[in-house]
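Chains as they are written, first to last, in this note's numbering: chain A, 1 to 334; chain P, 1 to 331; chain V, 1 to 295. Structure first, then comments.
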């Protein structure tokens, strides 16, 4: 007998693996079967540069993680095998640098940015959403809703551009790029370094927060509006519970459905990382993906895209598990 | 019996009018109602949906929901005061502690994210109960007496309870702080027949054991016949007939009460004898502004009914009836 | 006959409701006006401006004047002309992609909600998949092989990756109609499936389609602008994204105040369009979601 929780986790993992499989198949098709086959192009270029054919092929094999020779299904299996061992090939652009190293190096910066941004925007959005719902017949409530929708509707890059223009150029309060200033601090777990990292992350994280808080506000507003109609709040009032307790009942019940929104939010936010990191010159996954596309570094591009997908999947699973841990109706299923 | 009678307070509603703000202005859902709940009795308040019975029940706790408000009259509970005037902390501490309200089983009256036990503690804290362990003991005792496995229920979430169990938990919540006025809203609706019978038995038992003054709001005359001493029949926001259950059911006077009782099919005898009332009950917007609210569906309609609202007349046998066609002594 | 009369009056009532919701807040009328203005710019822009906008190298970043109300860019092209001609391409693509999204999303949502069962589970897994996959990264990866500068390829790709949320919304609405006994009642009357779907279900899910579609189309406009902004598409058309790219990364508009209008114009256009859409959605929500209606 599996518990509901374990069954849920198993379902998620299966779906996540299927998704990763589809995405890797897609990248394989992209680099091997699409017109302008990058693998073939690289081999030909190597030959043109005076390399003997088998050496050129071997070089391409190192780059992409499979031998571009023989039946296509064999190449495919080899490619998938490499990914299972987390061998994502070697960068085309910077020869000899394993893609996996670069991707793993860029990953934490993006994750830190995205998580900080989402956390901050969640807190602000939820609070304002409650106000917007309770005061929805007043000017305050209506303005909050419109402001929320507006920020929710504006694409993240617009917010990024405005923040960058104001705070890095106009007023020069924040650095215009990088994750920390290597001239001032050396990496390590001490106050100055962490402060420097936060200083560099503040603006892009604020951009994420601004771009996503409207979504939380809107979701929270409609969730609160629907919970306000529930009988248990009237029952709590008739039992003479304090307004603070009743507000807690309301808030907990209204926040719960937001965890399903969290899942969609992660996809959007990780997608938006390309813009934010490009605008703020922040060397995370999005920047890596962007620059690999500029230089047609296909192996790096597939690796970065795969990693972004994995990050979204993992974030989704965590959001849902959190949800099922909080909601007793899910947690205590027979 | 006499001791419990002392504990139970009487409730007297007089001239109560509750109006709801709508696009068409403020419309009364309850209008000029006088009703006496004698100490220690069970009163059944019967009416169709939209008759204003739930609004009346809520006004007993001073809890008429927006956009409604009490525009006139009073609801005086012995030892507490006028519920229509109480506000703030005073009102809050009366609710739950002195007057208990039980929702119908189909409504989710429990917070779905907390166990019954946790919500019981919330209740205790809200009413500054010092001895929370004692409160738990009392709750367990009540649940036990209602035939539930108390420990399991206290550890359960709402979705883990059946309709009948929820109803009992609701009664426990209403009585655990020793309230002596109990309001039950549709206590049997959405329950199967056996559970209905159990719940009504429980209502009778706790009423007697705890020494309560009880109001049972229902659309089911059968429920009233089963548990109540007095019946109050409501139509279009008015109490049209009020009196001892046995008398009213045996010999209804108001044409609406008659229609209501004749509409009930009997298990024995001719089913076709049951006659439905013609027409539909009025809604908030369609209650006539003047004259008798029942006249559209009334067989005894007279000219005076068009313009003059019938006053509640006290009959010799102690009931009140509000109908122009009913004269003293006439049956 | 009576049925037709009833239907006509229902329709009339609907439009009356729309009008009432629009009138309740003048801001909503403004929203409608803004969106219509952009559609007009897209249609009429090519009547007023030649295909290749005139440039004047002597007059770059010109001061604001009647001739150049929003200044000129780094080549001396009128910025207002760039903003106006930039709407046509994006609106065409967004409209076509929106149409595709509507077709797929509605069909999948109705089928899933109406039939449920195995087909429903499979379709919803696919919808979840489409929803989870990070759309923008996918788009820019695709730019390396598909020439997304072509309007129909772009529409196709956008439409194919964007139908997930519409399908989900239509499905849940269909399911809730089913719970309310809609479908059973119609079946009980012996109505054919086609009639139930087109005459009973579709009108009831239409509001959700409208709201969702409006958001999706806006999203598609911004996705294109974003791609041009990043500079991963060939710069051969007028596009707000091209302007932003040049302003932010190339001409240094972030530093030189002369070039500021060139940056602010496309930003302003995006903010204005978003505002218009938001105000219309606000009205739609009130029409279709009585819970949010103000008393």
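Backbone N, C-alpha and C fix where the C-beta goes; we use that ideal spot for every residue, glycine too.
Could you check whether the Cβ of residue i sits closer than 8 angstroms to any Cβ belonging to chain P?
i, result
"residue 238/A", "yes"
"residue 344/A", "A query on residue 344/A cannot be resolved here, the shown segment of chain A reaching from 1 to 334 and no further."
"residue 259/A", "no"
"residue 323/A", "no"
"residue 232/A", "yes"
"residue 338/A", "Residue 338/A is absent from the structure shown; chain A starts at 1 and stops at 334."
"residue 187/A", "no"
"residue 245/A", "yes"
Mind checking residue i: buried by the 16 CB within 10 Å criterion, or exposed?
i, result
"residue 62/V", "buried"
"residue 190/A", "exposed"
"residue 278/A", "buried"
"residue 207/P", "buried"
"residue 115/P", "buried"
"residue 282/V", "buried"
"residue 331/P", "With a pLDDT of only 42 at residue 331/P, under the threshold of 50, the placement of this residue in the model should not be trusted; the figure read from the coordinates follows. Burial call: exposed."
"residue 168/A", "buried"
"residue 288/A", "buried"
What residue does the alpha helix (DSSP H) around residue i start on, and which one ends it?
i, result
"residue 32/P", "Counting along the chain, residue 32/P falls outside any alpha helix (DSSP H), though it belongs to the beta strand (DSSP E) covering 25–37."
"residue 53/P", "53–59"
"residue 69/A", "From DSSP, residue 69/A is part of no alpha helix (DSSP H); its letter is neither H nor E."
"residue 320/A", "298–326"
"residue 337/A", "Nothing about residue 337/A can be reported from this structure: the residues present for chain A run from 1 to 334 only."
"residue 41/A", "38–48"
"residue 242/V", "240–245"
"residue 256/P", "255–262"
"residue 61/V", "Premise fails: residue 61/V is in no alpha helix (DSSP H) and is neither H nor E."
"residue 107/P", "First-last for residue 107/P: undefined, no H or E at that position."
"residue 122/V", "117–132"
"residue 154/V", "151–161"
Chain V beta carbons: is any one of them nearer than 8 angstroms to that of residue i?
i, result
"residue 155/A", "yes"
"residue 149/A", "yes"
"residue 30/A", "yes"
"residue 287/A", "no"
Where DSSP assigns a beta bridge to residue i, which residues make up the other side?
i, result
"residue 369/V", "Outside the shown range of chain V, which is 1 to 295, sits residue 369/V, and nothing can be said about it."
"residue 231/P", "44/P and 243/P"
"residue 340/P", "In this structure chain P extends from 1 to 331, so residue 340/P is not present and cannot be described."
"residue 313/P", "321/P"
"residue 99/P", "95/P and 181/P"
"residue 90/A", "98/A"
"residue 335/P", "Here chain P comprises residues numbered 1 to 331, so residue 335/P is not present and cannot be evaluated."
Return no unless some Cβ of chain A is closer than 8 angstroms to the Cβ of residue i.
i, result
"residue 20/P", "no"
"residue 133/V", "yes"
"residue 207/V", "no"
"residue 13/P", "no"
"residue 294/V", "The predicted position of residue 294/V is uncertain, since its pLDDT is 44 and thus under 50; no value can be drawn from it."
"residue 354/P", "Within the shown structure, residues of chain P are numbered from 1 to 331, placing residue 354/P beyond reach of any answer."
"residue 95/P", "yes"
"residue 314/P", "no"
"residue 9/P", "no"
The beta strand (DSSP E) spanning residue i covers which residue range?
i, result
"residue 74/P", "68–77"
"residue 184/P", "181–185"
"residue 11/P", "11–22"
"residue 217/P", "213–218"
"residue 219/V", "Looking at the DSSP string, residue 219/V is not in any beta strand (DSSP E); the run it does join, the alpha helix (DSSP H), is 202–230."
Inset, instruction - Please confirm if the segment 36–43 of chain A is in contact with the segment 320–328 of chain A, defined as three or more CB-CB distances below 8 angstroms between the two stretches. - result: By the Cβ test, the segment 36–43 of chain A is not in contact with the segment 320–328 of chain A, since fewer than three Cβ pairs between them sit closer than 8 angstroms.
Legend entry - the segment 61–68 of chain P / the segment 172–179 of chain P touching (three or more Cβ pairs under 8 angstroms): Judged by Cβ distances under 8 angstroms, the segment 61–68 of chain P makes no contact with the segment 172–179 of chain P, as fewer than three pairs qualify.
Inset, instruction - Examine the Cβ distances between the segment 217–234 of chain A and the segment 120–130 of chain A and report whether three or more of them are shorter than 8 angstroms. - result: Three or more Cβ pairs drawn from the segment 217–234 of chain A and the segment 120–130 of chain A lie within less than 8 angstroms of each other, which places the two stretches in contact.
Inset, instruction - Tell me, please, whether the segment 125–136 of chain V touches the segment 259–271 of chain A by the rule of three or more beta-carbon pairs shorter than 8 angstroms. - result: Judged by pairs of C-beta atoms under 8 angstroms, the segment 125–136 of chain V touches the segment 259–271 of chain A, as three or more such pairs exist.
Legend entry - Inter-stretch contact at 8 angstroms, needing at least 3 Cβ pairs: the segment 227–237 of chain V / the segment 146–160 of chain V: As far as the Cβ criterion goes, the segment 227–237 of chain V touches the segment 146–160 of chain V, which means the pair count is three or higher.
Legend entry - the segment 275–294 of chain P in contact with the segment 72–89 of chain P per 3-pair CB rule at 8 angstroms: No, they do not touch.
Legend entry - Given 8 angstroms, three or more beta-carbon pairs between the segment 11–27 of chain P and the segment 116–134 of chain P: In short, these stretches do not touch, since the Cβ pair count stays below three.
Inset, instruction - Say whether the segment 56–73 of chain V touches the segment 205–217 of chain V, bearing in mind that this needs 3 or more beta-carbon pairs closer than 8 angstroms, one atom from each stretch. - result: Verdict: no, contact absent.
Inset, instruction - Assess, as a yes-or-no matter, whether the segment 28–41 of chain V is touched by the segment 85–93 of chain V under the definition of 3 or more beta carbon pairs within less than 8 angstroms. - result: Using a Cβ-Cβ distance cut-off of 8 angstroms, the segment 85–93 of chain V and the segment 28–41 of chain V are in contact, since at least three pairs of beta carbons, one from each stretch, lie closer than that value.
Legend entry - the segment 46–53 of chain P in contact with the segment 215–224 of chain P per 3-pair CB rule at 8 angstroms: Yes, the segment 46–53 of chain P is in contact with the segment 215–224 of chain P.
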